[in-house]
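Asks: Using full-length UniProt numbering, read the sequence shown as starting at 1 and increasing by one per residue.
One structure coming up, written as structure tokens, with questions to follow.
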Amino acid sequence: MIEKRDFYINGKWVAPSAPNDFEVIDPSTEEPCAVISLGSEADANAAVAAAKAAFPGWMATPVEERIAMVEKLVDIYAARSEDLAQAMSVEMGAPIDMARTQQSGAGIYHLKNFIRAAKAFQFDRPLGDHAPNDRIIYEAVGVAALITPWNWPMNQVTLKVGAAAIAGCTMVLKPSEQSPLNAMIFAEMMDEAGFPAGVFNLVNGDGVGVGSRLSGHPDVDMVSFTGSTRAGTAISKNAADTLKKVHLELGGKGANVVFADADEKAVKRGVLHMMNNTGQSCNAPSRMLVQRPIYDQAVETAAEVANKVTVGSASEEGRHIGPVVNEVQWSKIQDLIQKGIDEGARLVAGGTGRPEGLNKGYYVRPTVFADANNQMTVAREEIFGPVLTMIPFDTEEEAIEIANDTPYGLTNYVQTQDGDRANRMARALRSGMVEMNGQSRGAGSPFGGMKQSGNGREGGVWGLEDFLEVKAVGGWAAK
1 MIEKRDFYIN GKWVAPSAPN DFEVIDPSTE EPCAVISLGS EADANAAVAA AKAAFPGWMA
61 TPVEERIAMV EKLVDIYAAR SEDLAQAMSV EMGAPIDMAR TQQSGAGIYH LKNFIRAAKA
121 FQFDRPLGDH APNDRIIYEA VGVAALITPW NWPMNQVTLK VGAAAIAGCT MVLKPSEQSP
181 LNAMIFAEMM DEAGFPAGVF NLVNGDGVGV GSRLSGHPDV DMVSFTGSTR AGTAISKNAA
241 DTLKKVHLEL GGKGANVVFA DADEKAVKRG VLHMMNNTGQ SCNAPSRMLV QRPIYDQAVE
301 TAAEVANKVT VGSASEEGRH IGPVVNEVQW SKIQDLIQKG IDEGARLVAG GTGRPEGLNK
361 GYYVRPTVFA DANNQMTVAR EEIFGPVLTM IPFDTEEEAI EIANDTPYGL TNYVQTQDGD
421 RANRMARALR SGMVEMNGQS RGAGSPFGGM KQSGNGREGG VWGLEDFLEV KAVGGWAAK
């Protein structure tokens with residue numbers, strides 16, 4: 001059992017205004033691993049008041065000093081990376097090796113990218129040669145509420161906190177109550193880095209309580225939220241009365257379009273990508289669209305690969321997938337797998353129930369459905385588990401139609417050796433990101449989606465701009 005901590009508000013750890021304990025469950029064992037306090041409206045108000053009071057001073061701090069503090073944070077992060085990995089492994093089920101490399105590693109990666117982007121960013125610039133007395137000033141939005149999910153905790157915390165801090169915003173972080181331990185370690189790191197009191201605040205809580213209070217608070221100028229589309233809709237409605245900025249990174253149902261000329265590893269790569277993090281990624285390639293000449297072989301390959309994916313405890317070292325985060329998610333995934341069977345998709349790997357030999361823990365069998373169509377529930381709903389749906393297609397035009405026939409628009413994938421076709425597909429697919437032939441996006445590339453996958457962009461220059469207002473000044477006095 002991990003030691004209980006309170007909230008971090010105005011530069012110190014403080015007790016909650018009222019006792020409201022919440023057990024954090026280790027999904028590998030179904031046993032409690034920690035107890036935290038869920039905040040109240042009074043706790044959220046106190047954190048917002050601290051951030052509001054700190055904002056003028058932090059915004060006025062030269063950007064070079066803000067960058068230097070984030071650079072110090074990077075050094076502290078590196079020293080605490082094992083603590084972060086252990087916390088994420090036990091609280092949300094990431095296998096420890098994966099937690100060390102991907103889960104913890106993502107945070108330091110994003111912070112370094114923000115530092116590089118900020119050093120090249122002109123926060124104060126002339127409009128142009130045609131208007132010598134006009135300036136464009138980028139200044140902080142204000143108090144930012146940062147609401148982060150459980151599936152990639154430190155990835156999302158750093159994407160928001162790093163950008164907000166450099167931009168000059170003060171902030172209140174509400175991590176998911178399902179995976180709060182890593183965020184509390186991060187608060188210790190912010191404190192050690194020496195950020196002024198009130199710049200960074202942390203209040204644990206659920207979405208209905210602290211989340212709702214933050215998104216509707218009149219002194220919060222911006223909400224940056226990552227999570228489900230359903231919750232993003234509720235936050236947008238709650239924030240509307242105060243006309244605050246709302247930036248959302250939501251769900252996805254990405255298509256991985258595999259053409260007949262795809263490289264020989266394309267199908268295997270797609271299955272393993274889908275199973276990574278036990279399928280709990282909004283940008284997972286959960287629909288594999290395969291051109292008909294290679295479809296039968298692709299189904300056979302996908303089943304072989306999925307059947308070789310091992311499942312085990314998050315505490316065990318090695319290459320395997322862990323449990324899903326909690327019982328609610330496990331039950332939802334089981335229902336959707338059964339729905340796929342009932343609606344006529346052909347089950348070629350996995351299925352309902354726990355993997356053989358695992359009788360406790362929220363473990364899911366790596367599952368592949370073939371012969372699906374795009375109207376089936378497993379092709380339309382975000383399952384958020386290790387479940388792949390395969391759909392055949394004939395022509396490039398048909399592939400585009402199927403891929404775009406979804407309310408989501410986060411990430412799509414293309415596998416083809418025809419460069420012209422790849423580029424056509426990249427333009428035609430309606431998503432915020434497109435990755436081709438196993439090549440991921442470069443450092444500082446913006447992360448975000450279209451349609452019901454959200455708005456705004458995280459990472460690099462675009463991530464900084466999300467936390468900045470644009471001020472146009474005419475009649476600037478030349479020096």
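Ideal Cβ positions, reconstructed from N, Cα and C, are used throughout, including at glycine.
Keep in mind the model is a prediction, meaning the values are calculated, not measured.
1. Can you tell me whether F114 is helix, strand or coil according to DSSP?
2. Which residue comes first and which comes last in the beta strand (DSSP E) that contains H247?
3. Do M288 and L388 come within 8 angstroms of each other at the CB atom, strictly closer than that value?
4. Mapping the DSSP letters down to three states, classify I147 as helix, strand or coil.
5. Do the stretch 131 to 146 and the stretch 24 to 34 meet, that is, are 3 or more Cβ pairs less than 8 angstroms apart?
6. Where A167 and V74 are concerned, what is the direct C-alpha to C-alpha distance, given to the nearest angstrom?
7. Ordered along the chain, which non-local residues of its own chain (more than five positions away) have a Cβ less than 7 angstroms from that of K52?
8. With distances taken Cα to Cα, identify the nearest neighbour of Q178 among S89, F369 and F200.
9. So the candidates are P293, F259, K265 and G252; which of them puts its Cα closest to the Cα of G279?
10. Cα-Cα, which of M92, V157 and E465 is closest to G361?
11. Does DSSP put Y77 in a helix, in a strand, or in coil?
12. Would you check if the stretch 190 to 209 and the stretch 9 to 20 touch, i.e. whether three or more CB-CB distances between them fall below 8 angstroms?
13. Under a Cβ-count criterion, where at least 16 other Cβ atoms within 10 Å of its own Cβ denotes burial, should V470 be classed as buried or exposed?
14. How would you call H130, buried or exposed, if buried means at least 16 neighbouring beta carbons within 10 angstroms?
15. When we look at the beta-carbon of P62 and count the other beta-carbons within 10 Å, is it buried (16 or more) or exposed?
16. Can you tell which of N45, V473 and G474 has its C-alpha closest to the C-alpha of M171?
17. Helix, strand or coil for M450 per DSSP?
18. Would you check if the distance between the CB atom of Q415 and the CB atom of V305 is smaller than 8 angstroms?
19. When DSSP labels each residue in this structure, what does N133 get in the three-state scheme?
20. Given that a residue counts as buried once 16 or more other Cβ atoms are within 10 Å of its Cβ, and exposed if not, what is E458?
21. Report yes if the C-beta distance between A345 and A372 is below 8 angstroms; otherwise report no.
22. Taking the Cβ atom as the reference point for each residue, do M274 and A284 lie within a distance shorter than 8 angstroms?
23. From what residue to what residue does the alpha helix (DSSP H) around T377 run?
24. If you follow the beta strand (DSSP E) that Y413 is in, where does it begin and where does it stop?
25. Among I185, A163 and W13, which residue has its Cα nearest to the Cα of S104?
26. Does the distance from the C-beta atom of E397 to that of Y413 stay below 8 angstroms?
27. Return the first residue and the last residue of the beta strand (DSSP E) that D21 is part of.
28. First and last residue of the alpha helix (DSSP H) that includes Q122?
29. Does DSSP put R441 in a helix, in a strand, or in coil?
30. Please tell me whether G216 and L38 are closer than 8 angstroms, where the distance is taken between their beta carbons.
31. Just to confirm, are L429 and N455 a CB contact at a threshold of 8 angstroms?
32. In this structure, how does DSSP classify F195 when only helix, strand and coil are distinguished?
33. Considering only the alpha carbon of each residue, which of D83, D43 and Y109 lies closest to E71?
34. Determine the DSSP secondary structure at F200, reduced to helix, strand or coil.
35. State the beta-bridge partners of A370 as determined by DSSP.
Replies: According to the data block:
1. helix
2. K245 to E249
3. yes
4. strand
5. no
6. 17 angstroms
7. V143 and D219
8. S89
9. G252
10. M92
11. helix
12. yes
13. exposed
14. exposed
15. exposed
16. N45
17. coil
18. no
19. strand
20. buried
21. yes
22. yes
23. T377 to R380
24. T411 to Q415
25. I185
26. no
27. D21 to D26
28. Run containing Q122: none; DSSP gives neither H nor E here.
29. coil
30. no
31. no
32. coil
33. Y109
34. strand
35. R346
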